[in-house]
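Asker: Below you will find the structure I want to go over with you.
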Amino acid sequence: AQSVTQPDIHITVSEGASLELRCNYSYGATPYLFWYVQSPGQGLQLLLKYFSGDTLVQGIKGFEAEFKRSQSSFNLRKPSVHWSDAAEYFCAVALSSGGSYIPTFGRGTSLIVHP
Amino acid sequence: DAGITQSPRHKVTETGTPVTLRCHQTENHRYMYWYRQDPGHGLRLIHYSYGVKDTDKGEVSDGYSVSRSKTEDFLLTLESATSSQTSVYFCAIGETGLDEQYFGPGTRLTVT
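Here the protein sequences come in this chain order: P and G.
Residue numbers are given in my numbering: position 104 of the first sequence equals residue 104, and the series is strictly consecutive.
Residue numbers are given in my numbering: position 111 of the second sequence equals residue 1111, and the series is strictly consecutive.
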């Protein structure tokens, strides 16, 4: 079955440290990939997306993600975390279903930032 | 910010009662989605719409129905609310099924 896996439920980092959030997908073809962020009590906001082309994509707020076909991964990175980055992060995949592309979200990774 | 509103924002209802949540957009996007968000489960798709009167089921559609009689409105109905439907419900819109989605602020529903 097609799926999206975020292996880490929680990640704790110190402010200023680097960050990598993992995302793996199970899908026969190259999917359309997204990372969203959700601040407490808010809806989700798109950080970045990958459709094709350069496998390293840049997003908002200093985030980037790298698509690795061989590993079926789309990991999110940031070189230096700020306290305001504390939030829930969701990886999502758009999968083909009967002519439409249906989004599937991972379960999310909660980022905790220590001062 | 994309023009998406959800109403009500909070609702408490009793088991067995019908409940309708409304999503309204001002962006004229073709696709509209309803998700529920529960701890440990992330976002799960309930139903989606790809045009007026065109809807389809998502991953967790049992106990829910939807209607879309005009582009801007997408209604989610819980036919007979159960405690397992206590959740936060998000509406999202997108120009195409492949494009990014824009999310509403959410509706917190409690079924007692």
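Glycine included, C-beta positions come from ideal geometry on N, C-alpha and C.
Quick one: measure Cβ to Cβ for G:Thr1071 and G:Val1052, integer angstroms, because I've assumed they're closer than 8 Å.
Answerer: The residue given as residue 1071 of chain G occupies position 71 in the second sequence. The residue given as residue 1052 of chain G occupies position 52 in the second sequence. Their Cβ separation, rounded to whole angstroms, is 6 Å, which keeps G:Thr1071 and G:Val1052 in contact under 8 Å.
Asker: Relative to chain G, which residues along the stretch 81-112 of chain P have a C-beta separation below 7 Å, given in chain order?
Answerer: Here the close residues are Phe90, Ala94, Ser100, Tyr101, Ile102, Pro103, Phe105, Gly106, Arg107, Gly108.
Asker: Quick one: measure Cβ to Cβ for G:Gly1104 and P:Gly43, integer angstroms, because I've assumed they're closer than 8 Å.
Answerer: Residue numbering aside, residue 1104 of chain G sits at position 104 when the second sequence is read from its first letter. Residue numbering aside, residue 43 of chain P sits at position 43 when the first sequence is read from its first letter. Going by Cβ atoms, the distance from G:Gly1104 to P:Gly43 rounds to 6 Å, so yes, they are a contact pair.
Asker: Taking beta-carbon pairs under 9 Å, can you tell me which members of the stretch 5-23 of chain P lie near chain G?
Answerer: Those residues of the stretch 5-23 of chain P that come within reach of chain G (Cβ to Cβ, closer than 9 Å) are Gln6, Ile9.
Asker: Which partner residues does P:Glu88 have in the DSSP bridge list?
Answerer: Residue mapping note: residue 88 of chain P aligns to position 88 of the first sequence, counting from 1. Bridge partners of P:Glu88: P:Gln38, P:Ser110.
Asker: Go ahead and label G:Gln1101 buried or exposed: buried means 16 or more other beta carbons lie within 10 angstroms of its beta carbon, across all protein chains shown.
Answerer: The residue you call residue 1101 of chain G lines up with position 101 of the second sequence. Looking at its Cβ environment, which holds 16 or more other Cβ atoms inside 10 Å, G:Gln1101 is buried.
Asker: Which residues in the same chain as P:Ser3 place their Cβ atom closer than 6 Å to its Cβ, once the five residues preceding and following it in sequence are excluded?
Answerer: In the first sequence, residue 3 of chain P corresponds to position 3, counting from 1. The answer, listed in chain order, is Ser26.
Asker: Which runs of the beta strand (DSSP E) fall wholly inside the stretch 1022-1059 of chain G and span at least 3 residues, in chain order?
Answerer: Complete beta strand (DSSP E) runs here, min 3: 1031-1038, 1042-1051, 1054-1057.
Asker: Mind checking the stretch 30-50 of chain P against chain G and listing, in chain order, the residues whose C-beta falls within less than 9 Å of any C-beta there?
Answerer: From the stretch 30-50 of chain P, only Tyr32, Phe34, Tyr36, Gln38, Gly41, Gln42, Gly43, Leu44, Gln45, Leu46, Lys49 have a Cβ closer than 9 Å to chain G.
Asker: Pop quiz: P:Tyr101 and P:Ala94 are said to be a contact at Cβ under 8 Å. What is the actual Cβ separation, rounded to whole angstroms?
Answerer: The sequence position of residue 101 of chain P within the first sequence is 101, counting from 1. The sequence position of residue 94 of chain P within the first sequence is 94, counting from 1. With a Cβ gap of about 4 Å, P:Tyr101 and P:Ala94 count as contacting.
Asker: Just curious, the beta strand (DSSP E) that G:Arg1004 is in, first and last residue?
Answerer: Here the question's residue 1004 of chain G lines up with position 4 in the second sequence. The question names Arg, yet the displayed sequence has Ile at residue 1004 of chain G. Unbroken beta strand (DSSP E) run through G:Ile1004: 1004-1007.
Asker: Roughly how many angstroms lie between the CA atoms of P:Val37 and G:Phe1074, to the nearest whole one?
Answerer: For the purposes of this step, residue 37 of chain P is taken as residue 37 along the first sequence, with counting starting at 1. For the purposes of this step, residue 1074 of chain G is taken as residue 74 along the second sequence, with counting starting at 1. Cα to Cα, P:Val37 sits roughly 24 Å from G:Phe1074.
Asker: Using a beta-carbon distance below 9 Å, is G:Ala1081 in contact with chain P?
Answerer: In the second sequence, counting from the first residue as 1, residue 1081 of chain G sits at position 81. So no, G:Ala1081 is outside the interface.
Asker: Determine whether the beta carbon atoms of P:Ala65 and P:Asn75 lie at a separation below 9 Å.
Answerer: The count along the first sequence starts at 1 and reaches residue 65 of chain P at position 65. The count along the first sequence starts at 1 and reaches residue 75 of chain P at position 75. In this structure, P:Asn75 lies closer than 9 Å to P:Ala65 by Cβ.
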